[in-house]
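The next block holds one structure in the form of structure tokens; read it before the comments.
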Amino acid sequence: LAQRIEVNSPLALVILMLGNNDFQSMHPHNAWHASQGVAALVGAIRSAPIEPGMPVPPVLIVAPPPVGTPAGTMADKFAGADHKCVGLAGRLAGVASELGSPFFDAGTVIRSSPTDGVHLDADQHLALGDALCAPVAALLGGTND
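Encoded structure:
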């Protein structure tokens with residue numbers, strides 16, 4: 026991650042939306058564990074070896090929508106994930122506050138696919154992009170045109 030930040034600097038903003046894979050059935054993780062992983066990634070982004078004089082980019086933490094009922098090919102892999110993910114948005118909001126990062130809860134505007142309970146359908150990607158326009162524009166100091 027640090028190398029990608031360095032190679033692509035200067036960056037105006039990093040948007041980080043992770044967490045639901047931590048709830049796969051083979052992992053014993055809960056919302057707290059996932060939020061600590063995101064905190065570690067924010068730390069890695071902020072401590073990346075950026076060239077002197079280049080700004081450290083702000084990191085917008087986006088909570089993914091909760092895992093729905095795992096189905097189809099995801100049923101076994103994400104068995105129980107819909108229970109393990111409870112509270113993730115709140116935990117990530119807390120991490121964002123502690124780290125001084127902006128936060129957005131995607132679960133307020135989109136939902137996981139009813140097809141597999143985990144991924145986003147195309148309309149949900151579009152809705153998320155639309156919902157992020159204003160907060161991203163504000164972070165970049167622009168307008169949402």
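Numbering follows my numbering, with no gaps: position 31 of the sequence shown is 56. Heads up, the beta-carbon is just placed ideally off N, CA and C, and yes, glycines get one too.
Run the CB neighbour count on residue i, radius 10 Å, all protein chains shown included, and call it buried at 16 or more, exposed below.
i	result
GLN28	exposed
GLY97	exposed
LEU113	buried
SER60	buried
ASP47	buried
VAL32	exposed
Determine, using beta carbons only, whether residue i and residue j come nearer to each other than 8 Å.
i	j	result
HIS54	LYS109	yes
ILE75	SER34	yes
ALA131	MET51	no
MET99	GLY142	yes
LEU66	LEU26	yes
PRO90	ASP107	no
VAL81	ARG71	yes
Which residues in the same chain as residue i place their Cβ atom closer than 6 Å to its Cβ, once the five residues preceding and following it in sequence are excluded?
i	result
ASP146	SER138
GLY93	SER137 and GLY142
On the premise that residue j lies in contact with residue i, defined as a C-beta separation below 8 Å, what is that separation, rounded to the nearest angstrom?
i	j	result
ALA37	LEU157	About 14 Å separates the two Cβ atoms, so there is no contact after all.
VAL84	VAL39	5 Å
Enumerate in chain order the residues of its own chain whose CB-to-CB distance from residue i is below 7 Å, with the five nearest sequence positions on each side excluded.
i	result
TRP57	ARG116
GLY69	Note on identity: in this sequence residue 69 is Ala, with Gly being the wrong assignment. Excluding residues within five positions, the ones whose Cβ falls inside 7 Å are LEU26 and ALA27.
Return yes when the C-beta of residue i is under 7 Å from any heavy atom of the ligand ZN, and no when it is not.
i	result
THR133	The ligand ZN is absent from the structure shown, which contains no ligand whatsoever.
Sorted by chain position, which residues of the same chain lie with C-beta nearer than 8 Å to residue i's C-beta, five sequence neighbours on each side aside?
i	result
ALA121	ILE86, PRO127 and PHE128
ALA88	MET42, GLY44, LEU113, ALA114, LEU117, ALA118, PHE128, PHE129, ASP130, ALA131 and GLY132
With a cut-off of 8 Å, does the C-beta of residue i fall near any C-beta of chain B?
i	result
ASP148	No chain B appears in this structure, which consists of one protein chain only.
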